[in-house]
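**Q**
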Amino acid sequence: LHDGLNYLLDTTHIQSFMDNTYGLLKPNGILLFDVVTPLLCQTHFRGYREIFSDDGGGYERHTSYDPVSQLAESVFTLNTSDVNTVEVETHVQKAYELADIEKFCKSSKFKSWQILDDETLKKGHPDSERFLVLLRKSA
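All letters in the sequence shown, in the order written, are residues 3 to 141 by the working numbering.
#1: Let's see if you can read the secondary structure: which residues bound the alpha helix (DSSP H) around residue 26?
#2: Check for me: the alpha helix (DSSP H) holding residue 102 runs from which residue to which?
#3: Compare the C-alpha of residue 68 against each of 47, 29 and 128 and name the closest.
#4: Given residue 34, which residues of its chain have a CB within under 6 Å of its CB, disregarding the five upstream and five downstream residues?
#5: Run the CB neighbour count on residue 39, radius 10 Å, all protein chains shown included, and call it buried at 16 or more, exposed below.
#6: Please report the residue range of the beta strand (DSSP E) in which residue 45 lies.
#7: Going straight from the alpha carbon of residue 133 to that of residue 84, what length do you get?
#8: Please go through the same chain and pick out, in chain order, the residues whose beta-carbon is closer than 6 Å to the beta-carbon of residue 141, but skip the five residues on each side of it.
#9: Would you decide whether residue 101 is buried or exposed? Buried here means 16 or more other CB atoms lie within 10 Å of its CB.
Here's what the structure looks like:
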């Protein structure tokens, strides 16, 4: 789930996600997702602009980040192969600190979990830009 948890802006939604996923997993089942941190958003997404196009269309993306609310907003202008069609999508994500992710894991039904730095695959730390979170359901 690339940045999937970051689309959950409220902690009650995160708790529901964790509870529902736990219920769906078989014993020893694994939940794996990544999480974008405020450091990544501050470093890479303040005033970010990206343009992509190919024969099937393309998009232009503008992303802004507010460090106070920890919200990143991306506006995508989508161009399809139909010359007369342009669509606009807005995506809002919340960046989470290591302490937030630890709290979500500790308050979940999962008893076994790890938070890793996605670059080194070693234990996540406050200077990680993105975390890989691995949770295992008990047998």
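Positions of the beta carbon are idealized from the N, C-alpha and C atoms, including for glycine.
**A** Quick answer:
#1: For the purposes of this step, residue 26 is taken as residue 24 along the sequence shown, with counting starting at 1. Residues 13-26.
#2: Start at 1 with the first residue of the sequence shown, and residue 102 comes out as number 100. Looking at the DSSP string, the run of the alpha helix (DSSP H) that includes residue 102 is 100-108.
#3: By one-based count along the sequence shown, residue 68 stands at place 66. Answer by Cα proximity: 47.
#4: The sequence position of residue 34 within the sequence shown is 32, counting from 1. The answer, listed in chain order, is 136.
#5: Sequence index remark: in the sequence shown, residue 39 carries index 37 (1-based). Residue 39 comes out buried.
#6: Residue 45 sits at position 43 when you count from the first residue of the sequence shown. Element bounds for residue 45: not the beta strand (DSSP E) but the alpha helix (DSSP H), 40-46.
#7: Indexing the sequence shown from 1 puts residue 133 at position 131. Indexing the sequence shown from 1 puts residue 84 at position 82. In a straight line, the C-alpha of residue 133 is about 38 Å away from that of residue 84.
#8: The sequence position of residue 141 within the sequence shown is 139, counting from 1. Counting only Cβ-Cβ distances below 6 Å, and skipping sequence neighbours, we find 29 and 30.
#9: In the sequence shown, counting from the first residue as 1, residue 101 sits at position 99. Answer is exposed; the Cβ neighbour count stays below 16.
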